[in-house]
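Residue numbers (the UniProt record's numbering): 1 to 253.
Heads up, the thing below is written out as structure tokens.
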């Protein structure tokens with residue numbers, strides 16, 4: 001990766017989704033792209049620890065976060081950028097001489113919430129910590145920021161306010177140790193623990209940035225639990241239909 005041209009568009013060793021993200025970044029007029037699997041030195045434990053502990057800074061200070069909300073792996077690319085064709089079913093009708101075209105797309109909220117991206121533990125912080133997200137779904141793109149949502153399909157645009165983006169601006173002015181702060185933690189924990197990790201030993205690392213964000217408002221964390229609300233944070237129950245996971249061996253209990 002340190003060689004000149006290693007990230008060139010013709011290098012098939014680079015996953016398609018990264019090559020598409022490079023193209024999208026360029027077309028957006030942005031200069032830099034941060035990709036975890038490339039920008040974190042996987043064989044350098046010190047760098048891994050440093051960057052995992054800085055995810056709140058990385059995502060919250062990014063111009064935007066690009067999300068591949070279609071496909072199952074990194075070789076599927078970003079739908080509509082170049083390499084992956086979109087599925088945009090439409091229908092036509094003629095009413096009293098007026099020709100109309102309608103969309104049969106599934107709404108964006110469903111496409112995003114049903115995506116593989118939405119099931120992965122490591123992607124939770126992309127959703128929770130980013131101020132702006134650009135989603136590439138099977139049918140179109142949607143842009144979500146802290147105040148509004150824009151999408152390509154104007155017909156369904158009013159529904160896209162439901163697209164899940166965890167705006168953390170509200171925490172900046174929230175007094176410390178309030179009910180709202182702890183409710184934010186519980187919402188994060190519920191979403192995160194419903195996701196999947198390849199290695200259960202990553203369970204705290206993939207939540208580290210969220211804990212960094214919450215710590216000034218809920219206090220210090222101990223093994224993923226806020227110390228100032230430790231008793232309440234232990235009052236959890238398993239979601240219906242989910243099997244009880246075994247805690248990693250490194251956990252104290």
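Glycine residues also receive a C-beta, built at the ideal position from the N, C-alpha and C atoms.
Should residue 211 go down as buried or exposed, given a rule of 16 or more other Cβ atoms within 10 Å for buried?
Locating residue 211 in the chain shown gives position 211, counting from the first residue. With 16 or more Cβ atoms within 10 Å of its Cβ, residue 211 is classed as buried.
Of all the options 57, 40, 76 and 55, which has the alpha carbon lying nearest to the alpha carbon of residue 15?
For the purposes of this step, residue 15 is identified with residue 15 of the chain shown, where counting begins at 1. Of the candidates 57, 40, 76 and 55, the one whose C-alpha sits nearest the C-alpha of residue 15 is 76.
Count the other C-beta atoms from every protein chain shown that fall within 10 angstroms of the C-beta of residue 94, then say buried if there are 16 or more, exposed otherwise.
Locating residue 94 in the chain shown gives position 94, where the first residue counts as 1. When all chains shown are included, residue 94 counts as exposed.
If we count the other Cβ atoms within 10 Å of its Cβ and call it buried at 16 or more, is residue 214 buried or exposed?
Taking the first residue of the chain shown as position 1, residue 214 is located at position 214. By the Cβ-count criterion, residue 214 is buried, with 16 or more other Cβ atoms from all chains shown falling within 10 Å of its own Cβ.
Rounded straight-line distance, which links the Cα of residue 237 to that of residue 194
Residue numbering aside, residue 194 sits at position 194 when the chain shown is read from its first letter. Residue numbering aside, residue 237 sits at position 237 when the chain shown is read from its first letter. Taking the straight line from one Cα to the other gives about 12 Å.
Coil, strand or helix - residue 137 by DSSP
Translated into the one-based positions of the chain shown, residue 137 becomes position 137. Three-state DSSP puts residue 137 in coil, outside helix and strand.
Run through the DSSP bridge pairs and tell me what residue 98 is partnered with.
On the chain shown, residue 98 is found 98 positions in, with the first residue counted as 1. According to DSSP, residue 98 bridges with 95.
On a Cα-Cα basis, can you pick out the residue from 232, 202 and 231 that is closest to residue 259?
Coverage of the chain is limited to positions 1 through 253, which leaves residue 259 absent and any answer about it impossible.
Helix, strand or coil at residue 32 according to DSSP, with G and I counted as helix:
As a first step, residue 32 is located in the chain shown; it is residue number 32 there, counting from the start. DSSP places residue 32 in coil when its eight states are reduced to three.
Residue range of the unbroken alpha helix (DSSP H) whose run includes residue 203
Along the chain shown, read from residue 1 onward, the residue named residue 203 stands at position 203. For residue 203, there is no enclosing alpha helix (DSSP H), as DSSP gives it neither H nor E.
Using only CA atoms, which one of 23, 24, 137 and 220 lies nearest to residue 71?
Your numbering for residue 71 matches position 71 in the chain shown. Nearest of 23, 24, 137 and 220 to residue 71, Cα basis: 137.
Less than 8 Å between the beta carbons of residue 118 and residue 66, yes or no?
Reading the chain shown from its first residue, position 118 is the one you call residue 118. Reading the chain shown from its first residue, position 66 is the one you call residue 66. No, the pair does not count as a contact, with Cβ atoms beyond the cut-off.
Could you give the distance in angstroms between the alpha-carbon of residue 234 and the alpha-carbon of residue 90?
Residue mapping note: residue 234 aligns to position 234 of the chain shown, counting from 1. Residue mapping note: residue 90 aligns to position 90 of the chain shown, counting from 1. Taking the straight line from one Cα to the other gives about 49 Å.
Residue 223 versus residue 204: straight-line alpha-carbon distance, rounded
The residue given as residue 223 occupies position 223 in the chain shown. The residue given as residue 204 occupies position 204 in the chain shown. Whole-angstrom Cα-Cα distance: 7 Å.
Quick check on the burial criterion: 16 or more other C-beta atoms within 10 angstroms. Buried or exposed for residue 227?
Residue numbering aside, residue 227 sits at position 227 when the chain shown is read from its first letter. Classification for residue 227: exposed.
Is it right to say residue 199 is buried, meaning 16 or more other beta carbons lie within 10 angstroms of its own, or is it exposed?
Your numbering for residue 199 matches position 199 in the chain shown. Label assigned to residue 199: exposed.
Is the CB-CB distance between residue 218 and residue 229 below 8 Å?
Counting from 1 along the chain shown, the entry for residue 218 is found at position 218. Counting from 1 along the chain shown, the entry for residue 229 is found at position 229. For residue 218 and residue 229, yes; Cβs fall inside 8 Å.
Are residue 133 and residue 64 close, meaning C-beta to C-beta below 8 Å?
Against the chain shown, residue 133 aligns to sequence position 133. Against the chain shown, residue 64 aligns to sequence position 64. Closer than 8 Å, so yes.
Evaluate residue 192 with the Cβ neighbour count: other Cβ atoms within 10 Å of its Cβ, from every protein chain shown; 16 or more gives buried, anything less gives exposed.
Numbered from 1 along the chain shown, position 192 holds the residue referred to as residue 192. Counting Cβ neighbours within 10 Å, residue 192 comes out buried, since at least 16 surround it.
Assuming residue 131 and residue 145 form a contact by the criterion Cβ under 8 Å, report the distance between their Cβ atoms to the nearest whole angstrom.
On the chain shown, residue 131 is found 131 positions in, with the first residue counted as 1. On the chain shown, residue 145 is found 145 positions in, with the first residue counted as 1. Contact annotation, residue 131 with residue 145: C-beta distance approximately 7 Å; criterion of less than 8 Å satisfied.
Let me know if residue 30 comes out buried or exposed under the rule of 16 or more other beta-carbons within 10 Å of its beta-carbon.
Mapped onto the chain shown, residue 30 falls at position 30. Answer is exposed; the Cβ neighbour count stays below 16.
In the DSSP assignment, find the unbroken alpha helix (DSSP H) run with residue 128 in it and report its ends.
In the chain shown, counting from the first residue as 1, residue 128 sits at position 128. Per DSSP, residue 128 belongs to the alpha helix (DSSP H) from 124-129.
Please work out which residues of its chain come closer than 7 Å, Cβ to Cβ, to residue 325, disregarding the five sequence neighbours upstream and downstream, and give them in chain order.
The question about residue 325 has no answer here: the residues shown for the chain are numbered 1 through 253.
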